[in-house]
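Engineer: Residue numbers (my numbering): 3 to 270. Every residue gets a Cβ at the ideal spot worked out from N, C-alpha and C, and that includes glycine. If you scroll down you'll find the structure; I have some questions about it.
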Ligand code: SAM
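Below is the structure:
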């Protein structure tokens with residue numbers, strides 16, 4: 003443990019890197035340990051633009067949630083693989099437009115709950131649970147999920163920045179489908195992921211596998227299949243900055259801009 007690090011919260015092993023804490027490093031946060039900074043150092047050797055990629059991911063999260071509240075009328079969210087709280091979290095974006103919006107954050111890393119206490123204290127319409135998103139049955143049956151989510155009303159299901167951590171053997175398409183099967187018509191699936199359709203992705207994917215133990219970057223075609231028969235919201239599945247940008251994009255996309263793709267689709 004480096005001198006400046008806080009003691010690890012209960013259940014958190016500071017000697018093993020964690021996805022949530024590594025992402026926190028990339029975003030410039032403070033909830034991480036020396037081992038996380040070391041693995042991010044390895045990633046930055048391959049793609050120095052990684053912080054910019056993560057910033058694009060946080061920006062589309064904000065634009066996407068804003069769209070879901072303002073244009074699709076969604077008032078409740080299940081944010082799967084939500085990560086450590088940072089700026090402009092789902093509940094802050096949603097509740098700014100719709101103060102009564104309800105958000106359940108789901109993450110399997112106990113550090114997320116430890117640092118999510120402030121979110122819990124903010125209001126009774128937001129909660130954090132520690133659960134494995136690969137087990138939709140358990141997540142959907144969780145008492146906190148049942149307390150905040152009305153399954154008779156449309157739900158925003160978020161799989162933002164997480165699919166590239168799920169291997170094919172874990173049936174990520176089946177997982178996404180299980181959540182969408184549990185929610186009514188008018189619900190939306192919001193997804194972003196690293197995209198294997200560009201040459202820079204392969205070396206980064208290999209580094210993820212080596213240092214974090216997970217890494218399966220998918221092509222645009224593979225990612226499109228996650229939406230199944232849901233109806234894609236314009237402009238479809240695109241590189242992150244191309245999804246409903248605040249100002250039109252007129253330049254060729256940089257590496258940082260095209261390494262991840264995202265989109266939203268509506269359940270008919
Ligand atoms: N969704 C946030 C975003 O895009 O800004 C955070 C993304 S972060 C890269 C991925 C998060 O997914 C991490 O916090 C990690 O702990 C969590 N995660 C990974 N595997 C998971 C699983 N099987 N169940 C629940 N959470 C998981």
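1. For the alpha helix (DSSP H) containing residue 97, list its first residue and its last residue.
2. Counting only the same chain and skipping the five closest in sequence on each side, list residues whose C-beta sits under 6 Å from that of residue 246.
3. In three-state terms, what does DSSP make of residue 184?
4. With 16 as the cutoff for other CB atoms within 10 Å, does residue 3 come out buried or exposed?
5. In this structure, does DSSP put residue 132 in helix, strand or coil?
6. From residue 99 to residue 75, what does the alpha carbon distance come to, in whole angstroms?
7. So is residue 38 buried or exposed if we call it buried at 16+ other beta carbons inside 10 Å?
8. Could you pull out every residue in the same chain whose Cβ sits closer than 6 Å to the Cβ of residue 115, ignoring the five residues on either side in sequence?
9. Name the residue from 105, 255, 110 whose alpha carbon lies nearest to the alpha carbon of residue 124.
10. Secondary structure at residue 26, three-state DSSP: helix, strand or coil?
11. With DSSP collapsed to three states, give me the class of residue 140.
12. Buried or exposed: residue 8, going by 16 or more other Cβ atoms within 10 Å of its Cβ?
13. Who are the Cβ neighbours of residue 22 in its own chain at under 7 Å, not counting the five residues just before and after it?
14. For a test of your reading of the model: does the CB of residue 162 fall under 7 Å from any non-hydrogen atom of the ligand SAM? Yes or no.
15. Would you mind working out which of 151, 62, 180, 56 sits nearest residue 137, comparing C-alpha positions?
Structural biologist: In this structure, then:
1. Where residue 97 is concerned, the enclosing alpha helix (DSSP H) stretches over 92 to 99.
2. 65
3. Under the three-state reduction of DSSP, residue 184 is assigned to coil, being neither helix nor strand.
4. Any reading at residue 3 must be qualified, since the residue scores a pLDDT of 47, below 50, and its modelled position is unreliable; the value itself is stated next. Counting other Cβ atoms within 10 Å of its Cβ, residue 3 stays below 16 and is therefore classed as exposed.
5. strand
6. A direct Cα-Cα distance of roughly 10 Å separates residue 99 from residue 75.
7. buried
8. 130, 132
9. 105
10. Residue 26: helix per DSSP, three-state reduction.
11. It is helical.
12. exposed
13. 85, 86, 109, 111, 113, 114
14. yes
15. 180
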